[in-house]
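The sequence shown begins at 11 in our numbering and counts up one residue at a time. All C-beta atoms in this analysis are idealised placements derived from N, C-alpha and C, irrespective of residue type, glycine included.
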Amino acid sequence: MSKPALLCLFLAIVVPAVPVFAEEQVKWFVLRNSEVGNCWTAVLIRIDGQYINTFERKAGGPYATEAQALERQEALENQGTCQKN
11 MSKPALLCLF LAIVVPAVPV FAEEQVKWFV LRNSEVGNCW TAVLIRIDGQ YINTFERKAG
71 GPYATEAQAL ERQEALENQG TCQKN
């Protein structure tokens, strides 16, 4: 089998499996910047068992859908934990 044919076969097998794996590792969160108090929803990816983000604090999550994360954000705004946008 030629190298291009092997590459095509490899990609046909591996590429469809990657999104399925990635979807299981991705969840919605509410993030909060503690310096200014604003919150927003974001998708985080699980790496080595941890959902990774930069400097923001997690204020809610993990959630399966954005709608669930937005509900949590609204509740935090109503409690005064997050500034209303």
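Distance, residue j Cα to residue i Cα
| i | j | result |
| --- | --- | --- |
| V71 | V40 | Note that residue 71 is Gly in the sequence shown, not Val. Rounded to the nearest angstrom, the two C-alpha atoms are 6 Å apart. |
| S44 | R67 | 7 Å |
| N48 | Q83 | 10 Å |
| W50 | D58 | 24 Å |
| Y61 | K37 | 8 Å |
| E87 | N63 | 21 Å |
| A79 | V53 | 10 Å |
| Q35 | G90 | 31 Å |
| Y73 | Q93 | 21 Å |
Identified DSSP bridge partners for residue i
| i | result |
| --- | --- |
| K68 | L41 |
| V36 | I55 |
Residue i - containing beta strand (DSSP E), residue span
| i | result |
| --- | --- |
| A52 | 49-57 |
Endpoints, alpha helix (DSSP H) assigned at residue i
| i | result |
| --- | --- |
| V89 | Just to set this straight, residue 89 is Gln in the shown sequence, not Val. Counting along the chain, the alpha helix (DSSP H) containing Q89 begins and ends at 76-89. |
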